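Here is the structure we will look at.
Printed below as a string of structure tokens:
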């Protein structure tokens, strides 16, 4: 007869083991590759030690893409938390047609990142895009606006990424909102607590965990995101919206500089892992 | 009193309508483009003019007579349909295997006393899910080329599983942890084994959560662009999404591009709309407030 602990391990270890191998292989392979200079045409590999990592420091495009990524992630996470919180609070109200609202809110989440990029392209198109047409019909503008400029392309990426991901956060927060006992809320109201105080003292303790989960998922997803940028702006105009992930992809598959690409991968991996550990500590911190 | 309530209600309704418009506007704009002839599209319309389904017929391989003349079928129609066939096999298989693998693991992590080990296991799951796809792209590409998996559906299924299993395990773990324990205890007192109690008492209670996890797994697989494009583009195993990248060379055919994206989107949208209530079933409560016993 197995003890509970043994049974638990039996159930979970095969999966962890498999997952570990599947993920360890590419990580170790990348690490190994990052110490080499790979010439695909000549079919040679030369050990260069840390040269690829030293090259990173002198690569202005890499530094630029990192700042673009940071801007994208911060904006995206802020938007996702704000929108999902707002949508959850509205969905938690007693209103007619609530099921229509709930279905409408979850819709953007059903789209693939690629479909979001293409929908955004048509939505923002300078000549016949929906947004420009609408603004023209309302008489606000006469000429079509080019939205995806060097200054604001990153913001549009963040807006559409948040549009895509926020619904699942809204559902997470909604499910937490529904666990708040009605009495607690009523009592606070009777005691004369203001709306703001009620939110801080009654609502927030119940949803803080769901908000944190939403923020951590949003951060991890945004930091990994590549398809939206690839298919909506292509990193442009110029390099204005070039995310670090897309830059890494280009180094791999356009420049075919595998060693250098692997070094960039490792830096990205390390940065994401730092974020994961921080969130993990926040999520498991016990009072 | 009644007046004050009604003002608040009005604000809530305005916010609700704004939310609906915000959520649906980009989808609406994509769909109306798919329903118009290119000559109408370039005029810019917010309500479709001469609406028709020619673009859909063309991507499915039919020549059509449009409002402004004859239109030839999409040249890549055969590959596109092959992609649709491939993903229609890949996604259900991925969903099934994900559920079979994730449920016991999530049950174990969510309901047994594992102490520090639990934290480490969760960390491993979260960590592996967090690898940016681009950082594993090249190693996977080489590995799959060497193993001859690049042009096979099995290869695609394996790649999707590496993402879906950890994410669904993680989500289900919280769900299992939050289920009431009394029934399970009672079943065990009545002589059920731990596994028996799991099968007879816990699983039926967990069915909505498992359904939600299945939707998430299916959607990931169905919506994947990156891996399909990277590993299977140009092969027999190319997925529908990977084939969509072919439209980048058809910039002057917005209706067909929009139609092809709409077909992919429509199936996901229908599934999510139909099963949306299960997603609310996912109880994202703080596992720290749940006593593991």
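Protein chains in written order, with my numbering: chain A, 427 to 713; chain B, 859 to 1151.
From the three backbone atoms N, C-alpha and C, an ideal C-beta is built for every residue, glycine too.
Bear in mind that the values here come from a model prediction, so they are computed numbers and not experimental data.
Where residue i falls: helix, strand or coil (DSSP)
| i | result |
| --- | --- |
| residue 472 of chain A | strand |
| residue 898 of chain B | helix |
| residue 464 of chain A | strand |
| residue 522 of chain A | coil |
| residue 1042 of chain B | helix |
| residue 449 of chain A | helix |
| residue 663 of chain A | coil |
| residue 885 of chain B | helix |
| residue 1057 of chain B | helix |
| residue 673 of chain A | helix |
| residue 811 of chain B | Here chain B comprises residues numbered 859 to 1151, so residue 811 of chain B is not present and cannot be evaluated. |
| residue 553 of chain A | coil |
| residue 680 of chain A | coil |
| residue 459 of chain A | helix |
| residue 395 of chain A | Coverage of chain A is limited to positions 427 through 713, which leaves residue 395 of chain A absent and any answer about it impossible. |
| residue 578 of chain A | coil |
| residue 630 of chain A | helix |
| residue 484 of chain A | coil |
| residue 910 of chain B | coil |
Per DSSP, the bridge partner or partners of residue i
| i | result |
| --- | --- |
| residue 929 of chain B | B:922 |
Cα-Cα separation between residue i and residue j, rounded to whole angstroms
| i | j | result |
| --- | --- | --- |
| residue 894 of chain B | residue 554 of chain A | 12 angstroms |
| residue 606 of chain A | residue 650 of chain A | 34 angstroms |
| residue 439 of chain A | residue 963 of chain B | 8 angstroms |
| residue 859 of chain B | residue 867 of chain B | Here the model assigns residue 859 of chain B a pLDDT of 48, short of 50, so the residue's position is not dependable and the matter cannot be decided. |
| residue 869 of chain B | residue 500 of chain A | 30 angstroms |
| residue 591 of chain A | residue 1058 of chain B | 35 angstroms |
| residue 548 of chain A | residue 968 of chain B | 44 angstroms |
| residue 575 of chain A | residue 937 of chain B | 35 angstroms |
| residue 702 of chain A | residue 646 of chain A | 7 angstroms |
| residue 1019 of chain B | residue 956 of chain B | 7 angstroms |
| residue 1085 of chain B | residue 627 of chain A | 45 angstroms |
| residue 441 of chain A | residue 685 of chain A | 31 angstroms |
| residue 934 of chain B | residue 559 of chain A | 31 angstroms |
| residue 885 of chain B | residue 611 of chain A | 37 angstroms |
| residue 516 of chain A | residue 601 of chain A | 13 angstroms |
| residue 1112 of chain B | residue 896 of chain B | 7 angstroms |
| residue 979 of chain B | residue 429 of chain A | 19 angstroms |
| residue 519 of chain A | residue 604 of chain A | 11 angstroms |
| residue 1065 of chain B | residue 1137 of chain B | 12 angstroms |
| residue 903 of chain B | residue 573 of chain A | 18 angstroms |
| residue 655 of chain A | residue 661 of chain A | 6 angstroms |
| residue 561 of chain A | residue 674 of chain A | 38 angstroms |
| residue 450 of chain A | residue 1016 of chain B | 15 angstroms |
| residue 1025 of chain B | residue 696 of chain A | 20 angstroms |
| residue 906 of chain B | residue 912 of chain B | 13 angstroms |
| residue 908 of chain B | residue 1077 of chain B | 33 angstroms |
| residue 456 of chain A | residue 1000 of chain B | 11 angstroms |
| residue 1083 of chain B | residue 1099 of chain B | 5 angstroms |
Environment of residue i [buried if 16+ CB atoms lie within 10 Å]
| i | result |
| --- | --- |
| residue 458 of chain A | exposed |
| residue 528 of chain A | buried |
| residue 593 of chain A | buried |
| residue 944 of chain B | buried |
| residue 539 of chain A | buried |
| residue 928 of chain B | exposed |
| residue 609 of chain A | exposed |
| residue 634 of chain A | exposed |
| residue 1051 of chain B | exposed |
| residue 670 of chain A | buried |
| residue 460 of chain A | buried |
| residue 921 of chain B | exposed |
| residue 995 of chain B | buried |
| residue 454 of chain A | exposed |
| residue 1101 of chain B | buried |
| residue 698 of chain A | buried |
| residue 552 of chain A | exposed |
Residue i: CB within 7 angstroms of a non-hydrogen atom of the ligand ATP
| i | result |
| --- | --- |
| residue 676 of chain A | This structure lacks the ligand ATP; in fact it carries no ligand of any kind. |
Notebook entry, point to check: Are the region 690-701 of chain A and the region 667-679 of chain A in contact at 8 angstroms, needing three or more beta carbon pairs?
Noted result: yes
Note to self: Does the contact criterion of 3 or more C-beta pairs under 8 angstroms hold for the region 872-882 of chain B versus the region 504-520 of chain A?
What the structure shows: yes
Next item on the list: Would you be able to state if there are at least three C-beta pairs under 8 angstroms between the region 1119-1128 of chain B and the region 1034-1044 of chain B?
Entry: no
Next item on the list: Would you be able to state if there are at least three C-beta pairs under 8 angstroms between the region 1066-1073 of chain B and the region 1015-1033 of chain B?
Entry: yes
Notebook entry, point to check: Per the contact definition of three or more C-beta pairs closer than 8 angstroms, is the region 924-943 of chain B in contact with the region 578-587 of chain A?
Noted result: The region 578-587 of chain A vs the region 924-943 of chain B: no contact.
Item checked: Cβ contact (3+ pairs, closer than 8 angstroms) linking the region 1070-1090 of chain B and the region 991-1009 of chain B -> yes
Check: Counting Cβ pairs closer than 8 angstroms, one from the region 443-456 of chain A and one from the region 979-987 of chain B, do we hit at least three?
Finding: Judged by pairs of C-beta atoms under 8 angstroms, the region 443-456 of chain A touches the region 979-987 of chain B, as three or more such pairs exist.
Notebook entry, point to check: Would you call the region 476-492 of chain A and the region 610-629 of chain A touching, i.e. three or more CB-CB distances under 8 angstroms?
Noted result: no
Margin query: Quick check: the region 488-496 of chain A against the region 663-676 of chain A, are at least 3 beta-carbon pairs closer than 8 angstroms?
Written below: Taking 8 angstroms as the limit for Cβ pairs, the verdict is that the region 488-496 of chain A does touch the region 663-676 of chain A.
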